[in-house]
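Here the structure comes first, spelled out in structure tokens, and everything after it is commentary.
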Amino acid sequence: MATQVIALIVAILCISKTNYALAGAGGFETELIHRDSPLSPTYDPSATDDDRLKAALNRTVSRRNLISESISGSHSQFRSRLMYYHYEFLMKIQVGTPPVTIYPILDTGSDIIWAKCLPCTNCSSTSRHNYNPVKSSSYRIINCNSTTCKTQGTQCASRLNKDAAAAGGGGSSSVKDSCLFYAAYGDGSITKGNMVSETIGLGSNKLDGITFGCGHDLQGVFPGSGIVGLGTGPNSLIKQMGKSIGGRFSYCLPSAFGDNLSPSKISFGDKAIMSGPEVVTTPIIPMEPYTYYYFNIKGFTGANGKNIKMQESDIEMQESEMEGNIIIDSGTTLTYLPKEVYEEIEQSYRKAIQAKPVRDPLDSLKLCYKSKVEIPSIKVHLGSGSELNLSSKNTFIPSGEGVVCLAALPAKSIAIYGNIWQQNMHVGYDIEKKLLSFKHGCNKY
Numbered sequence: 097m098a099t100q101v102i103a104l105i106v107a108i109l110c111i112s113k114t115n116y117a118l119a120g121a122g123g124f125e126t127e128l129i130h131r132d133s134p135l136s137p138t139y140d141p142s143a144t145d146d147d148r149l150k151a152a153l154n155r156t157v158s159r160r161n162l163i164s165e166s167i168s169g170s171h172s173q174f175r176s177r178l179m180y181y182h183y184e185f186l187m188k189i190q191v192g193t194p195p196v197t198i199y200p201i202l203d204t205g206s207d208i209i210w211a212k213c214l215p216c217t218n219c220s221s222t223s224r225h226n227y228n229p230v231k232s233s234s235y236r237i238i239n240c241n242s243t244t245c246k247t248q249g250t251q252c253a254s255r256l257n258k259d260a261a262a263a264g265g266g267g268s269s270s271v272k273d274s275c276l277f278y279a280a281y282g283d284g285s286i287t288k289g290n291m292v293s294e295t296i297g298l299g300s301n302k303l304d305g306i307t308f309g310c311g312h313d314l315q316g317v318f319p320g321s322g323i324v325g326l327g328t329g330p331n332s333l334i335k336q337m338g339k340s341i342g343g344r345f346s347y348c349l350p351s352a353f354g355d356n357l358s359p360s361k362i363s364f365g366d367k368a369i370m371s372g373p374e375v376v377t378t379p380i381i382p383m384e385p386y387t388y389y390y391f392n393i394k395g396f397t398g399a400n401g402k403n404i405k406m407q408e409s410d411i412e413m414q415e416s417e418m419e420g421n422i423i424i425d426s427g428t429t430l431t432y433l434p435k436e437v438y439e440e441i442e443q444s445y446r447k448a449i450q451a452k453p454v455r456d457p458l459d460s461l462k463l464c465y466k467s468k469v470e471i472p473s474i475k476v477h478l479g480s481g482s483e484l485n486l487s488s489k490n491t492f493i494p495s496g497e498g499v500v501c502l503a504a505l506p507a508k509s510i511a512i513y514g515n516i517w518q519q520n521m522h523v524g525y526d527i528e529k530k531l532l533s534f535k536h537g538c539n540k541y
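To convert, take the position in the sequence shown, counting from 1, and add 96; that gives my numbering.
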């Protein structure tokens, strides 16, 4: 049984570079929204700000644990790369011909793409969440005998269900001959179906021949429309688009708190280029597992002006000379730092702020103050020698009852640069040049 499961997972990890066609030149962009925004298909109007924050903190703990397990090898290589559906931000994309709008998860810590597909067991009945491949003329099933799917141990699907056979529109092979798709998650949820090729729309631009998993059978909790992996693995959307975007994408994460949960943009190609004297860059450092974006932080200037040296996370690197000591991740809310580093940063705030710390009303974070207190900025010393200033809007978050708390915790293993420390600034990725860029403000580049 274990061999069969691994074989199923291998089927989606062996995707070769797909053929694509990019409509238009000069880059393109699409809408990005926070999961708790009223614009989100998963928005719960009955939830309070405290409810949403508590849920986000619970998700970030689970996410951190799963990333740590995948890097340390606690799970098999195949399973670990498919475990994440905890998320914070959604991309607006169109699938098929004619296009259907869906809202999958944006995930820089994943290299998998999949979407809910009709007919679907346990899918939401909300039409904008679901894509019906039988109605798309550009839909193609990936045949299990194709070069895209061939790999040692790969198995062909028998028949997912009698209705799914109808999803072979557009001259596709029957489902029984398709390459299997299977993703397992940390809470026991699974999604399975077949690998397909389809037209994806991002803004006004179309990408033909994008390969992804079409989930017809869901077991467990799947609040989104699927996942768009933007990691460095071979199956991610970034790698499938290849040279058409020059390996570049950038985003400006909208605020996760308060009433202004407005949409923002994620940009690709030339539109992702960041310029000007305010741009701060540092190298992206290739390390295993290659799904993640690693970079180096040399240290910090604390809130009291004291220099704090960044120490290596408590993690076994495959090559000790590699410099990456932190992962940047869109799906982790908090920032996790080595214990000694976190404690020094916390102490710098205690010394700089002439007010008594208070208890976190949600009992989740360690350093909190009444929100009227003025919070000093800190500086991040990047591996390139550049400095990134972080104001209180990046480093502290509201936690109910007029309290704000430091959006960081000590790491038990790998250090993670979370999305609160990224919000209200452009973050750019250049895979070809291996550069990570930051620029304050969510105005135009």
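Glycine included, every Cβ here is placed at the ideal spot set by N, Cα and C.
On a predicted model such as this, the values are computed, not experimentally measured, just so you know.
Assuming S444 is part of the alpha helix (DSSP H), what are its boundary residues?
Start and end: K435 to A448.
Mind checking whether K394 and H477 have CB atoms under 8 Å apart?
yes
By DSSP's criteria, P194 is part of a beta bridge. Which residues make up the other side?
According to DSSP, P194 bridges with nothing at all.
What residues in its chain sit with their C-beta under 7 Å from that of E497, if we drop five residues either side in the sequence?
P457
Hey, T428 and G514: beta-carbon distance below 8 Å or not?
yes
Measuring only the C-alpha atoms, how far is Y278 from Y390?
27 Å
Residues sharing a beta bridge with W210, DSSP
BP columns for W210 point to G309 and I323.
For N226, name the three-state secondary structure that DSSP assigns.
coil
May I have the straight-line CA-CA distance separating L128 from L298, to the nearest angstrom?
Roughly 11 Å separates the two Cα atoms.
Check T508 in the structure and name its three-state DSSP category.
The amino acid occupying residue 508 in the given sequence is Lys; Thr does not appear at that position. K508 falls in the coil class under three-state DSSP.
Pull up the distance between the alpha-carbon of G123 and that of D459, whole angstroms please.
Approximately 44 Å, taken between the alpha carbons.
With which residues is A279 paired in a DSSP beta bridge?
T287
Would you call A451 buried or exposed, if buried means 16 or more other Cβ atoms sit within 10 Å of its Cβ?
exposed
Does DSSP classify N239 as helix, strand or coil?
strand
Work out the CA separation of A280 and S242 for me, nearest whole Å.
24 Å
Identify whether I334 lies in helix, strand or coil by the three-state DSSP scheme.
helix
Decide if the stretch 497 to 510 is in contact with the stretch 439 to 455; the criterion is three or more beta carbon pairs, one per stretch, under 8 Å apart.
yes
Beta-carbon proximity check, K535 vs I380, cutoff 8 Å
no
For Q519, the three-state DSSP class (helix, strand or coil):
coil
Do you know whose CA, among M521, N331 and S232, lies nearest C213's CA?
S232
Own chain partners of A341 with C-beta closer than 8 Å, once the 5 adjacent residues on each side are dropped
With the sequence shown as reference, residue 341 is identified as Ile, and Ala is not the correct amino acid for it. The residues are L118, G123, I334, F364, G365 and A368.
Residues bridged to N403 [DSSP beta-bridge criterion]
Paired residues: T397.
Does the count of Cβ pairs from the stretch 305 to 315 and the stretch 203 to 218 closer than 8 Å reach three?
By the Cβ criterion, the stretch 305 to 315 is in contact with the stretch 203 to 218, since at least three pairs of Cβ atoms, one from each stretch, lie closer than 8 Å.
Can you list, in chain order, the residues of its chain with a C-beta nearer than 8 Å to that of S234? Leave out the 5 residues immediately preceding and following it.
G192, T193, G266, E294, T295 and D304
Note down, in chain order, each residue of its chain lying with its Cβ closer than 6 Å to the Cβ of P506, except the 5 sequence neighbours on either side.
K435 and Y438
Can you name the start and end residues of the alpha helix (DSSP H) that N485 belongs to?
Counting along the chain, N485 falls outside any alpha helix (DSSP H), though it belongs to the beta strand (DSSP E) covering E483 to L486.
C-alpha gap between S533 and G327, whole angstroms
16 Å
Start and end of the beta strand (DSSP E) containing P379?
In this chain, the beta strand (DSSP E) harbouring P379 covers V376 to P379.
Tell me the rounded alpha-carbon separation between Q443 and N331.
Put simply, the backbone Cα of Q443 is about 43 Å away from that of N331.
Between which two residues does the beta strand (DSSP E) carrying V476 extend?
Residues I474 to L478.
What did DSSP end up calling S274 once you bin it into helix, strand or coil?
Secondary structure at S274: strand, using DSSP grouped into helix, strand and coil.
May I ask you to report which of helix, strand or coil DSSP gives P366?
One detail in the question is off: residue 366 reads as Asp in this sequence, not Pro. If DSSP states are grouped into helix, strand and coil, D366 belongs with the helices.
Which residue wins for smallest C-alpha separation from T397, given the options K462, T197 and S487?
S487
L463 and Y445 look like a contact to me (Cβ under 8 Å); what is the Cβ gap, rounded to whole Å?
With 8 Å as the limit, L463 and Y445 qualify as a contact, their Cβ atoms being about 6 Å apart.
So for N490, helix, strand or coil by DSSP?
Helix.
Proximity winner among I201, E528, M291 and D526, relative to R236 (alpha-carbon distances)
M291
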